[in-house]
Amino acid sequence: MTTTTSIPKGSTVLVTGVHGYLGMHVADQLLLDGYKVRGTVRDSGKIERTKEYFDQKYGEGNFDVSVVKDLAAVKAAWAPPPYTSDRRISVYSASKTQAEQKAWELVKNASAFKFNSINPSLILGKVLHPKQNKSTAGLVLGMMYGAPEAIAMLKMMGAQWAVNPVDVAKLHVIALTDPAVSIEERILAYAKKMNFNKVVDKLGELAGADAVKTLEKIEEGDTDLSKVDVARAEELLRGVRSSGLKGFDESLKELLDSVAA
2 MTTTTSIPKG
12 STVLVTGVHG
22 YLGMHVADQL
32 LLDGYKVRGT
42 VRDSGKIERT
52 KEYFDQKYGE
62 GNFDVSVVKD
72 LAAVKAAWAP
82 PPYTSDRRIS
92 VYSASKTQAE
102 QKAWELVKNA
112 SAFKFNSINP
122 SLILGKVLHP
132 KQNKSTAGLV
142 LGMMYGAPEA
152 IAMLKMMGAQ
162 WAVNPVDVAK
172 LHVIALTDPA
182 VSIEERILAY
192 AKKMNFNKVV
202 DKLGELAGAD
212 AVKTLEKIEE
222 GDTDLSKVDV
232 ARAEELLRGV
242 RSSGLKGFDE
252 SLKELLDSVA
262 A
């Protein structure tokens with residue numbers, strides 16, 4: 002990463018969904034890099050604990066948070082017909098894809114905006130706050146604790162690529178602030194392949210056999226032969242003295258260590 006930044010250190014950066022799993026990591030990396038953060042949440046109950054966490058870590062005056070309530074029009078758009086549970090992953094994935102497509106469309110029609118996107122796979126790693134939304138990391142924890150819904154969800158998801166939240170957060174900061182990153186770059190953050198059975202094996206190794214004694218492995222489908230070009234993500238991370246994208250084993254260990262602390 003170059004010493005000159007696109008956004009001067011000390012500037013305030015907006016992070017939406019700042020109490021979320023990735024949002025909190027992005028805010029953490031921005032504050033660590035010398036920026037101030039203005040976060041948004043949808044629930045006022047999340048303000049106090051999020052602000053308390055960052056005030057204790059970085060001092061008061063560096064982090065602020067506001068409530069932006071759900072938009073009624075968005076809620077109405079996702080009202081009936083009833084969507085069955087087996088469609089939720091597809092619906093979620095489609096919403097992310099269409100949101101990014103719309104962002105690129107807006108940027109191309111409005112030259113005043115500069116835009117880069119980071120596209121992560123399944124995010125897995127340490128949790129910063131015990132009460133934050135743990136997203137996909139919560140599914141793995143739920144699986145270890147025997148939560149039926151988490152187990153069913155991970156089985157349904159099939160083969161995935163895991164990526165560490167700190168790596169994804171660092172890539173957000175780099176894409177935002179490093180002038181060496183071209184305008185309109187699309188950076189893929191996919192680290193290592195994983196599936197339900199691999200999670201069972203690694204949980205048993207890290208947390209002990211009792212943690213997985215009720216989990217039954219599933220019959221695996223076709224081998225995932227897909228390849229993802231992550232050379233740009235690796236290059237950018239190494240530019241900030243990182244070793245590159247962390248693997249599944251290391252990320253899972255960080256998750257378990259963070260909730261045990």
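When we follow my numbering, the leftmost residue of the sequence shown carries the number 2, and every step to the right adds one. Where a beta carbon is used, it is the ideal one built from N, C-alpha and C, also for glycine. Computed from a prediction, not measured in an experiment: that's the story for all the values here.
Endpoints, the beta strand (DSSP E) within which residue i is located
i           : result
residue 13  : 13–16
residue 40  : 37–42
residue 119 : 118–121
residue 156 : Taken as a continuous stretch (DSSP letters only), residue 156 belongs to no beta strand (DSSP E), being part of the alpha helix (DSSP H) at 149–158.
residue 68  : 64–68
residue 190 : 187–190
Neighbourhood of residue i by C-beta distance below 7 Å, restricted to the same chain and skipping five residues each side
i           : result
residue 337 : Residue 337 lies beyond the residue range present for the chain, which begins at 2 and ends at 262; the question has no answer from this structure.
residue 147 : 215
residue 248 : 192, 193
residue 119 : 169, 172, 173, 176, 188, 190
residue 158 : 90
residue 59  : 32
residue 121 : 164, 169, 190
residue 233 : 188
residue 221 : 196, 198
Status (buried if at least 16 other CB within 10 Å, exposed otherwise) for residue i
i           : result
residue 107 : exposed
residue 202 : exposed
residue 92  : exposed
residue 68  : exposed
residue 105 : exposed
residue 125 : buried
residue 163 : buried
residue 275 : Nothing in the structure corresponds to residue 275, since the chain is present only between 2 and 262.
residue 192 : buried
residue 149 : exposed
residue 204 : buried
residue 97  : exposed
residue 168 : buried
residue 197 : buried
residue 103 : exposed
residue 199 : buried
residue 11  : exposed
residue 135 : buried
residue 17  : exposed
residue 85  : exposed
residue 138 : buried
Start and end residues, alpha helix (DSSP H) containing residue i
i           : result
residue 91  : 89–110
residue 170 : 166–178
residue 197 : 197–208
residue 50  : 48–59
residue 216 : It is not in any alpha helix (DSSP H) - residue 216 carries neither H nor E in the DSSP assignment.
residue 26  : 22–33
residue 128 : No alpha helix (DSSP H) holds residue 128; DSSP gives it neither H nor E.
residue 252 : 249–261
residue 138 : 136–145
residue 238 : 232–239
Neighbourhood of residue i by C-beta distance below 6 Å, restricted to the same chain and skipping five residues each side
i           : result
residue 54  : 130
residue 46  : none
residue 39  : 13, 15, 65
residue 115 : 184
residue 74  : Confidence at residue 74 is low in this model, with a pLDDT of 44, below 50, so the placement of that residue is unreliable and no value is reported for it.
residue 151 : 140, 143, 144
residue 154 : 140
Cβ distance (whole Å) where residue i is taken to contact residue j below 8 Å
i           : j           : result
residue 186 : residue 176 : 7 Å
residue 27  : residue 51  : In fact, because the Cβ distance is near 13 Å, the residues do not count as touching under 8 Å.
residue 30  : residue 174 : 5 Å
residue 70  : residue 89  : The pair is not a contact, with the Cβ atoms about 23 Å apart (cut-off 8 Å).
residue 133 : residue 22  : 7 Å
8 Å Cβ shell around residue i - same chain, five flanking residues per side excluded
i           : result
residue 230 : 189
residue 208 : 145, 257
residue 6   : 178, 179, 180
Give a yes or no on contact between the stretch 176–183 and the stretch 246–253, applying the rule of three or more CB pairs nearer than 8 Å.
-> no
Three or more C-beta pairs closer than 8 Å, one from the stretch 208–215 and one from the stretch 229–239: is that the case here?
-> no
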